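Structure first, commentary second.
Protein chains: 2
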Amino acid sequence: MEQRVSLVTLGVRDLDAARLFYEALGWRPAPRPAEGVVFFQAGPMVVALWSREQLAEDSTVVDGGGWGGVTLAYNVASPAEVDAVIDEARTAGATIGREPAPTSWGGYSGVFVDPDGHPWEIAHNPYWTLGPDGSVTL
Amino acid sequence: MEQRVSLVTLGVRDLDAARLFYEALGWRPAPRPAEGVVFFQAGPMVVALWSREQLAEDSTVVDGGGWGGVTLAYNVASPAEVDAVIDEARTAGATIGREPAPTSWGGYSGVFVDPDGHPWEIAHNPYWTLGPDGSVTL
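These protein sequence lines are chains A and B, in that order. Residue 138 is where the first sequence ends in my numbering, and the numbering goes up by one at each step. Residue 1138 is where the second sequence ends in my numbering, and the numbering goes up by one at each step.
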C-alpha cells in the first residue's frame, strides 16, 4: 500500500446544505455529480460529501454520533492567510472552535467546525514546505 | 480557500501500536517525528497519528467515542490490487469490514478498519483517472 490518500468522504445530514457551505468557502463541485453525492477535486485527490448514514453502512462501522477521531487540516503560507480563511469560514456559517493564534509547536492556527461537526485546522507551519501547487512536504 | 487538504490526522489510543500497523502496511514515518506524533508523507499531503484525546481537545470537539462521519479511501488500478491491499491489511491486523466485491456504482472495493476504528475503502473506480503518481482526477 503506497503512502497516499485518494478520497476523504465527509458524512453529512443535509447534502444540499453541506454543498452550499463548501461552495460559500469558494469550492466548486465536479460538473457531473453522481446522484446523492457531491465530489470536489481537491488537488490530486477528491473530497466527497455523502449521507452520513449511508457512509457508515458502506464503511462497515457503527456511527458514534459525534466526532470520531479524524481531523483535516489546510495549510497556508502565512499567519495572515490563516486569519483570512477563518474569516471566510465564519462568513460561510462555520463555528469557530479556536480563533487564530500562535501554537505550542511554533506555528499559527485556528479551527473551524463545519455544519456537520467536521473540524478543519487552518494552519501556517513554518517548518513544512508548502509548494505553489498546495503540496505539503515534511 | 483552495480545494485541497494538507493533512489528515487520525486519533489513536496507542501511538506505537498504530505506527506499527501502518508500518506493517508498508508505510514509513518521516525520519524525525515530533514527540508524541507520527507523520507520514502521503504523496503531496501528510497523514498523522496522534493521541485521540489530544486531537479532540486541539480540534475543539467532543469525542463521540466511535466513528464520526469520516472515511478515507485509497484507489488502485485494478480489482486484483484491491484484493492485494485488503490481504495486506488483513495480515497487518486490520478488521476486514467488507471483503472485496463489485460495487453498485460499477467499481470494485473492499473495506478494512484499522486498530483504532478508522475505515479505509480500497477501491478500483474505472470512471476516475488514476495517475502514475497516485493522483486521482474526476
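Note that the Cβ used here is the ideal one computed from N, Cα and C, for glycine as well. Bear in mind the structure is a predicted one, so any value in this text is a computation, not a measurement.
- For the options B:Glu1002, B:Arg1004, B:Phe1021 and B:Met1001, the alpha carbon positioned closest to that of leucine 1010 of chain B is the one of B:Phe1021.
- Taking 9 angstroms as the cut-off, the beta carbon of glycine 43 of chain A is found closer than this to the beta carbon of glutamine 1003 of chain B.
- Between valine 1111 of chain B and threonine 60 of chain A, the beta carbon gap of about 5 angstroms places them in contact (Cβ cut-off 8 angstroms).
- Chain-order list of chain A residues neighbouring glycine 1066 of chain B: Val61, Val62, Asp63, Gly64, Gly65, Gly66, Gly68 and Gly69, by C-beta distance under 9 angstroms.
- At the C-beta level, serine 1104 of chain B and valine 1082 of chain B stay beyond 9 angstroms of one another.
- At least 9 angstroms separates the beta-carbon of tryptophan 50 of chain A from that of valine 5 of chain A.
- No Cβ of chain B is located within less than 9 angstroms of the beta carbon of alanine 17 of chain A.
- With contacts defined as CB atoms closer than 9 angstroms, aspartate 116 of chain A and glycine 1065 of chain B fail to qualify as a contacting pair.
- In the three-state reduction of the DSSP assignment, valine 1076 of chain B falls in the coil class.
- Closer than 9 angstroms to the CB of threonine 1137 of chain B there is at least one CB belonging to chain A.
- Taking proline 1079 of chain B as the centre and dropping the five residues before and after it, the same chain places the C-beta of Tyr1108 and His1124 closer than 6 angstroms to its C-beta, in chain order.
- DSSP, reduced to helix, strand and coil, places arginine 1090 of chain B within a helical segment of the structure shown.
- Residue-level contact check: arginine 90 of chain A does not touch chain B, since none of the beta carbons of chain B fall below 9 angstroms from its beta carbon.
- In this structure alanine 89 of chain A is not in contact with leucine 138 of chain A, their Cβ atoms being roughly 26 angstroms apart against a cut-off of 8 angstroms.
- Collapsing the DSSP output to three states places valine 1082 of chain B in a helix.
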